[in-house]
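In my numbering, the protein residues as written are 1 to 402. Following: one structure in structure tokens, then a few remarks.
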């Protein structure tokens with residue numbers, strides 16, 4: 001090979017060559033450049049509850065070495081106890097729980113463990129953006145079924161459309177409940193319809209439930225794994241990041257039957273092998289404390305106030321919020337502002353109003369990206385001062401430039 005030919009060699013592997021920079025990195029940079037209030041990326045800008053900080057101090061006085069492959073025993077036992085309390089389900093901490101580097105690694109490891117090249121995976125749109133990337137790196141093929149808001153602003157999944165997307169190559173369905181970015185909480189009836197389809201076609205489910213403690217208006221969260229016939233075909237994923245406002249801890253987990261758990265661990269051992277031991281122990285302490293206090297209820301009340309405040313501010317700005325039932329995101333119908341695409345709207349909002357939101361087109365396939373053109377996603381996991389500053393800027397165009 002000549003020197004000139006060597007220079008032309010493709011450095012990137014084909015599996016990553018189509019990837020761009022994540023939308024969150026792009027819009028966080030735009031927020032900095034425009035000095036905008038950043039309601040884009042979904043991380044809390046306030047301190048976690050005091051008991052979690054105390055838990056870290058306590059945990060860092062203890063074990064500092066590699067954790068076992070499956071995760072620290074104390075955390076797996078805490079999660080099993082929580083499953084018993086909240087689900088009424090006996091979960092074996094030794095054979096059914098695996099600790100991962102956040103929910104993102106849980107998603108990646110589960111897909112690597114279960115998807116072979118050529119297997120098809122059904123994604124409901126809009127989706128969390130790591131799903132298709134993880135499927136691509138496993139050699140799988142993503143198939144997309146869009147959810148759509150009805151005339152009342154409630155997001156609906158067409159189960160006939162989902163059923164039609166299934167082929168002999170379909171291996172599993174990705175579920176995100178409560179859903180980011182829509183805030184949709186699937187009803188028990190909807191989950192039963194999905195479960196019936198999965199059982200009929202012998203499909204697996206990866207259920208991303210990182211917002212399982214964040215639901216509003218007296219709703220309830222229903223894990224699909226608890227429905228008849230679903231435990232041994234479902235991987236349930238969650239983490240401490242959203243629940244305890246510690247997204248930097250990167251402590252997540254999978255809960256699944258022994259056969260699925262064994263497959264996940266075979267992948268997990270070659271990704272990180274183990275996860276930060278002190279933070280796992282801190283998470284265990286925090287979760288145990290939540291069995292004794294009303295933290296989860298207080299958390300829901302805390303975020304519902306922020307949701308309601310931002311909903312009112314957006315309505316006053318002439319936008320139409322699609323009221324979220326869970327998570328800490330609001331998807332908004334922007335059509336009244338007259339922009340051609342979601343990206344156009346968000347750039348105008350940042351440049352002229354000093355507020356950053358996320359254009360949800362990044363959460364759709366190319367085929368269905370047009371469904372996001374009149375949408376934007378706002379995060380309300382921010383200090384009241386930030387939400388108030390955003391509301392003021394929305395009502396006083398250009399004030400951030402003065």
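Positions of the beta carbon are idealized from the N, C-alpha and C atoms, including for glycine. Here the structure is a predicted model, which is why all the values come from computation and not from measurement.
| query | result |
| --- | --- |
| Taking the alpha helix (DSSP H) that residue 159 belongs to, which residues open and close that run? | 159-164 |
| Does the beta-carbon of residue 316 have 16 or more other beta-carbons within 10 angstroms, so that it is buried, or is it exposed? | exposed |
| Tell me the residue span of the alpha helix (DSSP H) that contains residue 88. | Where residue 88 is concerned, there is no enclosing alpha helix (DSSP H), given that its DSSP letter is neither H nor E. |
| Nearest-angstrom Cα distance between residue 117 and residue 134? | 12 Å |
| Contact between the region 71-89 and the region 133-147: three or more CB pairs below 8 Å? | no |
| Starting from residue 39, follow its DSSP beta bridges and name the residues at the other end. | DSSP output for residue 39 lists no bridge partner at all. |
| Looking at C-alpha atoms only, which residue of 330, 65, 27 is the closest neighbour of residue 350? | 27 |
| Pull up the DSSP beta-bridge partners for residue 197, would you. | None, per the DSSP bridge assignment. |
| Among 17, 18, 298, 23, which residue has its Cα nearest to the Cα of residue 424? | Lying outside 1 to 402, the shown extent of the chain, residue 424 is not represented and no answer is given. |
| What are the uninterrupted segments assigned as beta strand (DSSP E) that are 3 or more residues long and contained completely in the region 310-335, given in chain order? | 320-322, 329-333 |
| In the DSSP assignment, find the alpha helix (DSSP H) that holds residue 392 and state where it starts and stops. | 384-395 |
| Beta-carbon separation of residue 156 and residue 252 under 8 Å? | no |
| Straight-line CA distance for residue 21 to residue 337? | 28 Å |
| Below 8 Å, can you find three or more Cβ-Cβ pairs linking the region 195-205 to the region 239-254? | no |
| Residue 342: buried (16+ other C-beta within 10 angstroms of its C-beta) or exposed? | buried |
| Rounding to the nearest angstrom, what Cα-Cα distance links residue 111 and residue 254 in this structure? | 12 Å |
| Can you tell me whether residue 213 is buried or exposed, with buried defined as 16 or more other CB within 10 angstroms of its CB? | buried |
| Do you know offhand how far residue 183's Cα is from residue 103's? | 18 Å |
| How is the alpha helix (DSSP H) around residue 266 delimited, first residue to last? | 258-268 |
| Taking residue 96 and residue 256 to be in contact with their CB atoms under 8 Å, please state how far apart those CB atoms are, rounded to whole angstroms. | 6 Å |
| From the DSSP secondary-structure annotation, give me the bridge partner or partners of residue 459. | Residue numbering for the chain in the displayed model covers 1 to 402; residue 459 lies beyond these limits and cannot be assessed. |
| Could you give the residue range of the beta strand (DSSP E) that holds residue 378? | 375-379 |
| Under three-state DSSP, which class holds residue 401? | Low confidence applies to residue 401: its pLDDT is 46, below 50, so where it sits in the model is not reliable, and the reading given next is rough at best. Three-state result, residue 401: helix. |
| Determine the contact status of residue 381 and residue 44, defining contact as a CB-CB distance below 8 Å. | yes |
| If distances are taken between C-alpha atoms only, which option among 385, 320, 327 comes closest to residue 335? | 320 |
| By the three-class DSSP mapping on this structure, what secondary structure does residue 176 have? | strand |
| Can you give me the start and stop residues for the alpha helix (DSSP H) that residue 132 sits inside? | 130-137 |
| Taking all protein chains shown into account, decide if residue 13 is buried (16 or more other Cβ within 10 angstroms of its Cβ) or exposed. | exposed |
| CB residue 159 to CB residue 197, shorter than 8 Å? | yes |
| Using the three-state DSSP reduction, which class does residue 111 fall into: helix, strand or coil? | helix |
| With a cut-off of 8 Å, does the C-beta of residue 289 fall near any C-beta of chain C? | Included in the structure is just one protein chain, with no chain C present. |
| For residue 123, list the residues DSSP reports as bridge partners. | 144, 174 |
| Secondary structure at residue 299, three-state DSSP: helix, strand or coil? | helix |
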